[in-house]
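All residue numbers in the sequence shown are consecutive under this note's numbering, ending with 313. Think of the CB as a built atom: it goes at the ideal place given N, C-alpha and C, for glycine as much as any other residue.
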Amino acid sequence: MQETLRLGLYAIPAFLLLMAVEFISYHREKEPKADRAGVSARDAATSLSIYAIGQLTKPLNHFIQLPVVVIAAACAPHTLSSSDWRVWVAALVLADLAYYAQHRMGHRIRLLWAGHSVHHSSRHFNLSTAVRLPWLIPGSFLTAVADIPMALIGIPAWMIFLAHSLVLLFQYPIHTERIDRLPGPIEFVFNTPSHHRVHHGANNPYLDKNYGGILIVWDRMFGSYAEETEPVRYGLTTNIDTHNPVKANYHEFTGMLRDVRRARTWRGRAGYLFGPPGWRESEAAVPPGRTPAPAPSVVIPASVPGPDDGNGGAVPTDRENKEAVPA
């Protein structure tokens, strides 16, 4: 844990310096975009205030995760050596895979999305967006559970936490529009600014894509990858239009609890908590991703004659004088 805390203390000055460099670079452009290329001083101030207040609640999230990982590590039949580089590689890759799984659940389970949505609530995409993090994380326990296999194979608990910190640290520089696409091999293997711009997109081709932390290969393997092919519209599908840090953090919790109170059945209440964002009780009987389809119709023109009765006469039919009947 001490290594993780030291890493955070060293990172903060670097974060602020890079933010300043990015901000200045936008304002020195000869032909800046209409919205100052995604930079808003007020929006950045909101993100920084959210981060500062979040440092007060971070110990609570650690309090949830720490005992689970430490107990699991104590149950391991052996402890792997931290001096072996292969153990470090394994810890980092497994932490990144755990991050992918937790991140994907954070977008597909509304209770978890309620915590994560603050990170996507900015309509801008710059380095300040990277620190726009939730105060209380409903998925903290799930994150710890995802770390149990790492602990049981013998990776020390402190190394697990440090590996997660490195995965999160990697996220910071990819929150920018100042870096275009990188060479092909890098784009294929690693999460890049281009991939992460897609992840923050609220327009349809980009929704729920590119969950990876350091590696984008998880998205390629598990079918959640999308290429940056058109301009990205940042923010939420329904934006909240507020710079209030409290509202930004808890707007989705408020909406979720309102839906739970209005639900008519226990199934509906469970759906609003554990179903995907946008789930509605009226859709509960419909398979996910589908909508009831109307019965197809067959159009019968009035000029079509009925069948012949064998004597040159027409046989009456119940389709006469109808424009359409169900097939």
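Under the three-state reduction of DSSP, Y211 is assigned to coil, being neither helix nor strand. The beta-carbon separation of A116 and H161, rounded to 4 Å, stays under the 8 Å limit for a contact.
Under the three-state reduction of DSSP, F111 is assigned to coil, being neither helix nor strand.
Rounded to the nearest whole angstrom, the CA to CA distance from L119 to L154 is 11 Å. Taking 9 Å as the cut-off, the Cβ atoms of H181 and I202 count as close. The criterion of a C-beta distance shorter than 9 Å is satisfied by G140 and T65. Cβ contact annotation for A249 (same chain, cutoff 8 Å, sequence separation greater than five): R255, G257, Y258 and E267, in chain order.
For K44, the enclosing alpha helix (DSSP H) starts and ends at A27 to A60. P179: member of the alpha helix (DSSP H) spanning P179 to H185, first to last residue.
Around the beta carbon of V184, 16 or more other beta carbons sit within 10 angstroms, so the residue counts as buried. Per DSSP, the continuous alpha helix (DSSP H) segment holding G92 begins and ends at W71 to R94. The alpha-carbon separation between N196 and G209 amounts to approximately 9 Å. Annotation: the continuous alpha helix (DSSP H) that includes N235 extends over P231 to R248.
L(-5) sits in a helix when the DSSP states are folded into three classes. Within 10 angstroms of the beta-carbon of V55 lie 16 or more other beta-carbons, which makes it buried.
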